[in-house]
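Peer 1:
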Amino acid sequence: MMKKKSIPASKPLLILFLCQIISALDVPLDSKLLEELSQPPTITHQSPKDYIVDPRENIVIQCEAKGKPPPSFSWTRNGTHFDIDKDAQVTMKPNSGTLVINIMNGGKAEAYEGVYQCTARNERGAAISNNIVIRPSRSPLWTKEKLEPHQVREGDSLVLHCRPPVGLPPPIIFWMDNAFQRLPQSERVSQGLNGDLYFSNVQPEDTREDYICYARFNHTQTIQQKQPISVKVFSMDSLNDTIAANLSDTDIYGAKPVTERQPVLLTPTGSTSTKVELRGNVLLLECIAAGLPTPVIRWIKEGGELPANRTFFENFKKTLKIIDVSEADSGNYKCIARNTLGSVHHVISVTVKAAPYWITAPRNLVLSPGEDGTLICRANGNPKPSISWLANGVPIAIAPEDPSRKVDGDTIIFSHVQERSSAVYQCNASNEYGYLLANAFVNVLAEPPRILTPANKLYQVIADSPALLDCAYFGSPKPEIEWFKGVKGSILRGNEYVFHDNGTLEIPVAQKDSTGTYTCVARNELGKIQNEVHLEIKDPTMIIKQPEYKVVQRYGQVSFECIIKHDSTLLPTVIWLKDNDELPDDERFLVGKDNLTIMNVTDKDDGTYTCIVNTTLDSVSASAVLTVVAAPPTPAIIYARPNPPFDLELTGQLERSIELSWIPGDENNSPITHFVIEYEDGLHEPGVWHYQTEVPGTQTTVQLKLSPYVNYSFRVVAVNKIGRSQPSEPSEQYLTKSASPDENPANVQGIGSEPDNLVITWESLKGFQSNGPGLQYKVSWRQKDVDDEWTSVIVANVSKYIVSGTPTFVPYEIKVQALNDLGYAPEPSEVIGHSGEDLPMVAPGNVQVHVINSTLAKVHWDPVPLKTVRGHLQGYKVYYWKVQSLSRRSRRHVEKKILTFRGNKTFGMLPGLEPYSSYKLNVRVVNGKGEGPASPDKVFKTPEGVPSSPSYLKITNPTLDSLTLEWGSPTHPNGVLTSYILKFQPINNTHELGPLVEIRIPANESSLILKNLNYSTRYKFYFNAQTSVGSGSQITEEAVTIMDEAMASRQVDIATQGWFIGLMCAVALLILILLIVCFIRRNKGGKYPVKEKEDAHADPEIQPMKEDDGTFGEYRSLESDAEDHKPLKKGSRTPSDRTVKKEDSDDSLVDYGEGVNGQFNEDGSFIGQYSGKKEKEPAEGNESSEAPSPVNAMNSFV
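Quick note on numbering: our numbering labels position 804 of the sequence shown as 804, and the sequence is numbered without any gaps.
#1: Any idea if G1030 is buried or exposed, counting beta-carbon neighbours within 10 angstroms, 16 or more meaning buried?
#2: How many Å lie between A215 and N711 at the Cα?
#3: Do you know how far the Cα of V115 is from the Cα of D402?
#4: Going by CA-CA distance only, name the one from K882, W662 and I173 that's closest to Y916.
#5: When the Cα of Y51 is compared with those of E113, S74 and G195, which residue comes out closest?
#6: What is the C-beta distance between L921 and K941, in whole angstroms, given that I count them as a contact (C-beta under 8 Å)?
#7: How would you write the range of the beta strand (DSSP E) that V325 sits in, first residue to last?
#8: Do N1200 and S804 have their C-beta atoms within less than 8 Å of each other?
#9: Residues bridged to P395 by DSSP?
#10: Report, in whole angstroms, the separation of the C-beta atoms of V424 and N392, which I expect to be a contact under 8 Å.
#11: Three or more C-beta pairs closer than 8 Å, one from the region 490–505 and one from the region 589–603: is that the case here?
#12: May I ask you to report which of helix, strand or coil DSSP gives P936?
#13: Would I543 pass as a contact of V613 if the rule is Cβ separation under 8 Å?
#14: Quick one: residues in its chain with C-beta nearer than 7 Å to the C-beta of P369, no 5 flanking neighbours on either side, listed in chain order?
#15: Measure the alpha-carbon distance for E1037 versus P995 and round it to whole angstroms.
#16: According to the Cβ coordinates, are K877 and E837 closer than 8 Å?
#17: Between which residues of its own chain and W689 is the CB-CB distance below 8 Å, once the five residues before and five after are set aside?
#18: Is DSSP giving Y880 helix, strand or coil here?
#19: Quick check: the Cα distance between L526 and A440, rounded to an integer number of angstroms?
#20: Considering only residues of the same chain and omitting the five flanking positions on each side of E286, which have a CB-CB separation below 7 Å?
#21: Can you give the Cα-Cα distance for E1239 and I507, rounded to whole angstroms?
#22: Classify T274 as buried or exposed, calling it buried when 16 or more other Cβ atoms lie within 10 Å of its own Cβ.
#23: Please state if the CB of L993 and the CB of I987 are separated by a distance shorter than 8 Å.
#24: Using the C-alpha atoms, what's the distance from L577 back to T453?
#25: Indicate the three-state DSSP secondary structure (helix, strand or coil) for S770 in the structure shown.
#26: What is the DSSP secondary structure of D862, counted as helix, strand or coil?
#27: Under 8 Å, do V558 and L468 count as touching if we go by C-beta distance?
#28: Is the beta carbon of L1072 less than 8 Å from the beta carbon of F1021?
#29: At which residues does the beta strand (DSSP E) containing R1199 begin and terminate?
#30: Are T673 and S707 touching if we call contact CB-CB under 8 Å?
#31: Quick check on P466: buried or exposed, where buried means 16 or more other Cβ atoms within 10 Å of its Cβ?
#32: Looking only at DSSP bridge pairs, what is E789 linked to?
#33: Taking the straight line between their C-alpha atoms, what separation do you get for E789 and I564?
#34: What's the C-alpha gap between A522 and E480?
#35: Assuming N595 and S670 are in contact, meaning their beta carbons sit under 8 Å apart, how far apart are those beta carbons, in whole angstroms?
#36: Check whether the region 844–861 and the region 816–833 touch, using three or more Cβ-Cβ pairs below 8 Å as the test.
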């Protein structure tokens, strides 16, 4: 169980003090200013910690530093002062601390082995270098030994030991034969990490006497050779022949045939082993097995996966390689060797330790007298490194005391510093695997204000554009900046000006009256200084006559205009482009002062022409399209693509160039415009042809530039207006020599994927760009604007490198340089990248909401400080949601809405709000990593609005003079309902509208009985709700009062009379007889065009029987049929006793049936319908309706 640590009484005071520390001064990177300011020493260049030197050359131990005044240098060797004046072989370079030890004139490198440290000192402090360990390289000879020949039976395993001499640094091992050819290696035969040559099983072809192990010592460029090793493999057939020759016929002889064997590990031995590797290094694990058939090796990590993108298999999968290892790569790695007879495995327990690495390296601190500051030194490692401080190279415990300084573990706190507090502090982080040493100075400056912007600088700005007037300054303490306009003007204030922290005055929208002289004043307690700048406002450049779209015939002439207006003091330049590129170099194109004319137009001139007008301050453009159409037809000439060139010849072969010549093929009536030369790299990309260059069609030779380490073949393609020819036959091949790379990788970027790393990526060079074998990349980085040294690694076969332990979102200078076995590419250019982003730290403050209307609000907030964004500021997100409707006081499911505002915007509009509702919102800042914390929820309310339409309007209980209306309240009242408005008017048979009546109904009512209406009359109703804001949308319906009850009863009596029933039966019998006669005649072959006659003389009242289902068609009176063709508004035929909804409509006034009163038109005709398939429809409320009878349908004939 972990113990809780108590906090000493001094700790809260320390935390409070840290919270009150004032930020340090920023010193502008002005060369003149830097030359004048005093500065403690800074080490700018030094030799590596572990420095292996060539014993045949002079030893140069580098130590460069800068400071004001320039520093002096001294050295220690093995911890004691190194007096270079007493050693004639040692000199120090002028104005430098670099030592040169003369070895070539009698000195011995071994005599100068040791640990060296450089100190750079001036009146403001002392900086020290790393401990530089000097060791001369060694390449000893092989010890003489007598090597016995190896006699091995076919199928057995074999190990040939190399055992190279111990050198410094260790040699590179490889096996060759007497002809200096590398011995072939495979899954069966391979070299181990220790240099030994392993045979999983030997074969007769392995017999040879020149197995030679070579050791190459790169530092001294020497190669040592071991004595040749002889191997003789006895095959079973030859062994049997030898035995047979030495035995009698009666002896039993015969060697056993080659037997297969299951795998056995040759290295490592046993079932388990351990390995320790340091963080950031390359982890190499090896398993080599014997067996027949040759075993196959497989690697796994117990309890995890092998890291993606960092895992590689080498030496036929016998070696597992993991680059850039970290503590997460610790664990058990198992190699499994398997063949058809079985398997064997070995477990390697890997532990990853770490030399110290920086979390936060101390940074230089520039303070004013009386200010506070801190130096922080934080490092990590495994085991955890210890932190120690030095002051001017002396342990801080014994250094001269400074009352302004207090050491608290990895932090030094400075309070109320004075000029005598200036010093250089060293932080040392160390564990058993290494150490880190960093210098950081504290420079206390008392300087009067200085203005770095040149005096009387002239600024020219286009009207209505921002104007930025610079006032770069420096002083300690930090000066206050004020701006004035004119010689005796008052200090500038107000919203029309923006004052930046760097002293710049911004006029967001400069007008003509902004012209004048502006004075910048900088003052602190040590003095005051001022500077004048001048601002001129210019008129914008405009194109008052733009080019227009033109259509022209081929071989015609066309002109585009571009007339401009500009400020009289600015000199404009006019440029014409075609399809966003320069105009063709052709005398047909004539550029005038304000126009472009094209003579003898061809099809190639078709395109977009752009006029661009540039001044020193602005630029405008306008474009127009030219369409070229065909001229009158001319006699056709057959044109075709040219024939391919032939007889390609290479001459004048040089390392970087060659001459190619060819004979053109037939032009086929179209002149060859140009030749395209292509090449194939048979070494890197055989079969792939690349563009090399092109030459005019009159040229048949070309001098071609070549790249090193490419096996070239060339071919030529001829081109005319019709198209490209087929490629020529390839030329002979030409192989160029290797060289160091000519170029470096492109598209170098640095983007962090985590808050504490920097991912450096680049585009790898293609095969032919490598210029030679052994292509690698030197990746270098250092933190920008910090006096750090470049850190470099060399990698191969990758296009990415991850730098861990970086501060969050800080800029880095990055460069990637290519190299191969012959040397380095030119020095690469530097790019700026950033380490990883982290989530923003704070929420926007001062969130305010201004409600504009019932559906729209505007939200404001203060931007967060950029340093708390901890990444690229992408914008702000506003989360808002409805809490409740104020009219209903009922909560519902919260659906949050999100609006995103890009960039550093500090306000936004919230559309689509619901009236009369309560809302909440908060604001969050967004960077590339994600969202920051939310601001406190802000509550706001929307005012009332107009309501939606009533949810329904139902008209029931029709009588002779009344109708009952029922309705539902609006789905969205959007406020407090004050009343309902009902308007209605009668509609006559011609659909003319009568007078409109309006009734206001209290908001708490849900039904109304309208009385004193006309009988048998259709009415149209308009109904809507109101709030205090106004009326909402209305709903409309129609309904009919019923007719006179006596008239309805007479109609029923007629339908039930016996004579009427008899008449209907007679008519039906007559129709049946006519149908039978027609049927008989048709069967006898006679033609009786009933259908044609019926179609020609169709009775508008009686429709024929439907052919598909045999039911009767629809019967209507003439008057009813005429009315059906008159347009009625929606709902005009809705029954008066049915519930009405917005979308309901029907084709009749009344649904009718037996025992139900029908309805007559004004002329007495009956409106009804009959359908043999219509069934009873469901009724709403208390209604009842039945299917109509044929008798009622026939009443319309009476």
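Backbone N, C-alpha and C fix where the C-beta goes; we use that ideal spot for every residue, glycine too.
Peer 2: A quick look at the data gives this:
#1: exposed
#2: 31 Å
#3: 31 Å
#4: K882
#5: E113
#6: Rounded, the Cβ-Cβ distance is 12 Å, inconsistent with contact.
#7: V325 -> no beta strand (DSSP E), and no H or E assigned at all.
#8: Limits of the chain in this structure are 1 at one end and 1198 at the other, which puts residue 1200 out of reach.
#9: L390
#10: 6 Å
#11: no
#12: coil
#13: yes
#14: V417, Q418, E419, V444 and A446
#15: 17 Å
#16: no
#17: E678, Y679, E680, R715 and P727
#18: strand
#19: 27 Å
#20: G192, L193, T267, K318 and T319
#21: Here the chain comprises residues numbered 1 to 1198, so residue 1239 is not present and cannot be evaluated.
#22: exposed
#23: yes
#24: 39 Å
#25: helix
#26: strand
#27: no
#28: no
#29: Lying outside 1 to 1198, the shown extent of the chain, residue 1199 is not represented and no answer is given.
#30: no
#31: exposed
#32: E789 pairs with nothing; no bridge assigned.
#33: 55 Å
#34: 6 Å
#35: At roughly 33 Å, the Cβ-Cβ gap does not stay under 8 Å, so N595 and S670 are not in contact.
#36: no
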